[in-house]
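Protein chains in written order, with our numbering: chain F, 723 to 1205; chain Y, 453 to 722.
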């Protein structure tokens, strides 16, 4: 039976007091651990954001610089966003081989906006690719004869997925395609494949498509997961068999879902023989891009023509948006940190003060006991240790309670105590939270628990130091007189 | 008178209360020998408790010396004094002052903490002491489950734990009823008789004082007079009135039926 036993018994003797102290201290401790957890989560979010944006912007810039001579031509859609609309030119029945289109395949302008490119799919050659309105290949054969055109690459992009019916607030329903993958048919001539960036470049398995390839596909990493296949496997795409020839790594924020194959394969597969969705024109040099683009527009006013220069400008304005967003995210983080710091100071002070007052009260209440202990020969040090130990033990129990509360309620508590984390959607349509993956989880790590326990012991010791010192200094004769 | 356990010389104690100073003890000389049973009596404010506190090293005298077992403790610093209190003095208080969260045995073991007595030995000794104060079988009871008399007996056992040179009791019977008071005084007297324990008891109860050997009457911080108690007579087991044989526990002489609690006629001048 030593001072430890006595401390434990003293704590358990006054259960109500111990309980109140433990709850009060526990909440202080919970606050103390929830805030750093929240801060860490915020920091991770912002860091992830910064990294992602940085990567994306530099990759996109590289791609655009590489393809400065590239001009994308797609057919303007007259009714963007609502289902498939045949172009109002030529014989519509001949352009739309109706009925033969396989189930589940479709063109969805709402999904892949015209001209502006899909958010999140910059880079990897996928920028601004993919017009969605089919056009007759033969009508545009005259583009190649425009002066300054080095090459013309027709391509077909078809999304495959499942239709989802969405009810609009006005009672109307729309069908929207949730894409599983996108088939892109590329004209695999040696002239195009050898000289122009028409295919992904970062092959991570197998090989890239080559001129003259047929019956083979180049998958993205996402596609391999979807088809559950690897290089050399034979996969079924719309009931046709294809051999997986290679896999390319995704770049950009989102993982690409586009698989590449020979244009004629793609046309046959999707019953679009003779149709394409995009004509990619390569100018002979970057100085002629503007002239070539206007010549195309003059020749085919129905086409929407986008040059690399325009894309670069778009990117620059986007980059500005990002930088503003990033700056505001960083400002929010800094503000959050300063608020958190103040709150932790308050929690620490509250914890020490609670221990201080409780222990002062305890010492006062037990003056006679202290006198007795001293009278029967206890040293100042022993008396002091006993009261210190009691304070530390109380805080230790409170620490455990606090960690328990904190572990469960850290997200709620830090949400309550910290300014809202920067997870808003920005004007450019980029949701920062989703870009950085999911917002980092607010979790109490073992290290944080250990630190919190250490803090509990330290604050308990700090708070009971003065009361214990006072107890030890009590003159026994005076203590005995105290009633 | 050579084996003095306690010797006070020109002991004075002055309390300062604000601007006023109160002379609680002035020039007290006292010698207590080994095996003596001494009572200190006096009205309220006469300095009884102050004297006991100074004797027990709980308070320091303003001037004068206190020789306890040959050691001058008057000028000793606190970091040395606690050792003296632990090893040489056993305290008994009016309000028992047992630690409520410890059982009887643990309370008795308390003073042995920090000594080199092994743990098992402490427990054995505590049980032995509790047996001595007739509390066998109640070792594991906490104070609130013991009667006032029992609590005070635990306190006596606690005071004896470290075989002190002297036992100081401050109004030990103040909170006890007549029956328990008698039992307690008998217990102290027996301890003094059988174990030779030196006991100094502060009381304002003449009946209690009558069981001691020497009674010191204190007034205004001075020893007014000293008289002999009946305890000496009891040591001889003879009634001081009729001279017949009697028991230690008797309060009324079995042969002459005279009460033994007066003793006022045997005052010894100071």
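Positions of the beta carbon are idealized from the N, C-alpha and C atoms, including for glycine.
Secondary structure of residue i, DSSP reduced to three states
i: residue 794 of chain F; result: strand
i: residue 987 of chain F; result: helix
i: residue 524 of chain Y; result: strand
i: residue 1123 of chain F; result: helix
i: residue 535 of chain Y; result: helix
i: residue 542 of chain Y; result: strand
i: residue 1090 of chain F; result: helix
i: residue 464 of chain Y; result: strand
i: residue 675 of chain Y; result: strand
i: residue 1187 of chain F; result: helix
i: residue 709 of chain Y; result: coil
i: residue 621 of chain Y; result: strand
i: residue 1197 of chain F; result: coil
i: residue 517 of chain Y; result: strand
i: residue 627 of chain Y; result: coil
i: residue 459 of chain Y; result: strand
i: residue 472 of chain Y; result: strand
Rounded separation between residue i and residue j - CA only
i: residue 1190 of chain F; j: residue 696 of chain Y; result: 59 angstroms
i: residue 1200 of chain F; j: residue 1093 of chain F; result: 8 angstroms
i: residue 1215 of chain F; j: residue 1006 of chain F; result: The displayed coordinates of chain F run from 723 to 1205. Any statement about residue 1215 of chain F would go beyond what the structure contains.
i: residue 536 of chain Y; j: residue 737 of chain F; result: 36 angstroms
i: residue 662 of chain Y; j: residue 679 of chain Y; result: 10 angstroms
i: residue 456 of chain Y; j: residue 485 of chain Y; result: 4 angstroms
i: residue 708 of chain F; j: residue 1202 of chain F; result: Past the boundaries of the shown model lies residue 708 of chain F; chain F is included only from 723 to 1205, so the question cannot be answered.
i: residue 913 of chain F; j: residue 867 of chain F; result: 16 angstroms
i: residue 991 of chain F; j: residue 997 of chain F; result: 12 angstroms
i: residue 623 of chain Y; j: residue 667 of chain Y; result: 14 angstroms
i: residue 515 of chain Y; j: residue 468 of chain Y; result: 14 angstroms
i: residue 1070 of chain F; j: residue 1056 of chain F; result: 21 angstroms
i: residue 490 of chain Y; j: residue 709 of chain Y; result: 26 angstroms
i: residue 634 of chain Y; j: residue 628 of chain Y; result: 9 angstroms
i: residue 1064 of chain F; j: residue 1184 of chain F; result: 20 angstroms
i: residue 901 of chain F; j: residue 887 of chain F; result: 14 angstroms
i: residue 462 of chain Y; j: residue 745 of chain F; result: 57 angstroms
i: residue 1053 of chain F; j: residue 947 of chain F; result: 39 angstroms
i: residue 609 of chain Y; j: residue 1068 of chain F; result: 50 angstroms
i: residue 1197 of chain F; j: residue 472 of chain Y; result: 21 angstroms
C-beta atoms of residue i and residue j nearer than 9 angstroms
i: residue 620 of chain Y; j: residue 508 of chain Y; result: yes
i: residue 960 of chain F; j: residue 882 of chain F; result: yes
i: residue 565 of chain Y; j: residue 724 of chain F; result: yes
i: residue 499 of chain Y; j: residue 670 of chain Y; result: yes
i: residue 1171 of chain F; j: residue 1136 of chain F; result: no
i: residue 779 of chain F; j: residue 1037 of chain F; result: yes
i: residue 665 of chain Y; j: residue 532 of chain Y; result: no
i: residue 492 of chain Y; j: residue 477 of chain Y; result: no
i: residue 660 of chain Y; j: residue 637 of chain Y; result: yes
i: residue 985 of chain F; j: residue 876 of chain F; result: yes
i: residue 955 of chain F; j: residue 965 of chain F; result: yes
i: residue 790 of chain F; j: residue 1026 of chain F; result: no
i: residue 1120 of chain F; j: residue 743 of chain F; result: yes
i: residue 862 of chain F; j: residue 880 of chain F; result: no
i: residue 1117 of chain F; j: residue 1072 of chain F; result: no
i: residue 1206 of chain F; j: residue 1066 of chain F; result: Since the first residue of chain F shown is 723 and the last is 1205, residue 1206 of chain F is not available in this structure.
Among the options, nearest to residue i - alpha-carbon criterion
i: residue 544 of chain Y; options: Y:612, Y:656, Y:464; result: Y:612
i: residue 794 of chain F; options: F:1029, F:1073, F:1202; result: F:1029
i: residue 626 of chain Y; options: Y:604, Y:616, Y:617, Y:615; result: Y:604
i: residue 730 of chain F; options: F:1114, F:1087, F:1187, F:1196; result: F:1114
i: residue 728 of chain F; options: Y:562, Y:480, Y:478, Y:496; result: Y:562
i: residue 1031 of chain F; options: F:1022, F:1046, F:1023, F:1015; result: F:1015
i: residue 1045 of chain F; options: F:775, F:1106, F:1101; result: F:775
i: residue 1123 of chain F; options: F:732, F:747, F:735, F:1061; result: F:747
i: residue 1060 of chain F; options: F:732, F:749, F:734, F:757; result: F:757
i: residue 497 of chain Y; options: Y:551, Y:568, Y:654; result: Y:654
i: residue 994 of chain F; options: F:1175, F:734, F:859; result: F:859
i: residue 937 of chain F; options: F:918, F:916, F:908; result: F:908
Residue i at chain B interface by Cβ criterion, 9 angstroms
i: residue 738 of chain F; result: Here chain B cannot be found, since the structure's protein chains are F and Y.
Sequence ranges, beta strand (DSSP E) only - wholly within the stretch 981-1055 of chain F, length at least 3: As for any beta strand (DSSP E) of minimum length 3 sitting wholly inside the stretch 981-1055 of chain F, the runs are 1000-1005, 1025-1029, ordered along the chain.
Secondary structure, alpha helix (DSSP H): runs of 4+ residues fully inside the stretch 940-967 of chain F: Counting whole runs of 4 or more residues, the stretch 940-967 of chain F contains the alpha helix (DSSP H) stretches 943-949.
Alpha helix (DSSP H) segments (min. 4 residues) lying fully within the stretch 868-932 of chain F: If only complete runs of 4 or more residues are kept, the stretch 868-932 of chain F shows the alpha helix (DSSP H) at 912-917, in order along the chain.
Segments assigned beta strand (DSSP E), at least 3 residues, entirely inside the stretch 534-610 of chain Y: Those beta strand (DSSP E) runs which fall completely within the stretch 534-610 of chain Y and span 3+ residues are 541-544.
Any alpha helix (DSSP H) of 4 or more consecutive residues that is wholly inside the stretch 475-511 of chain Y: As far as the stretch 475-511 of chain Y is concerned, its whole alpha helix (DSSP H) runs of at least 4 residues are 500-507.
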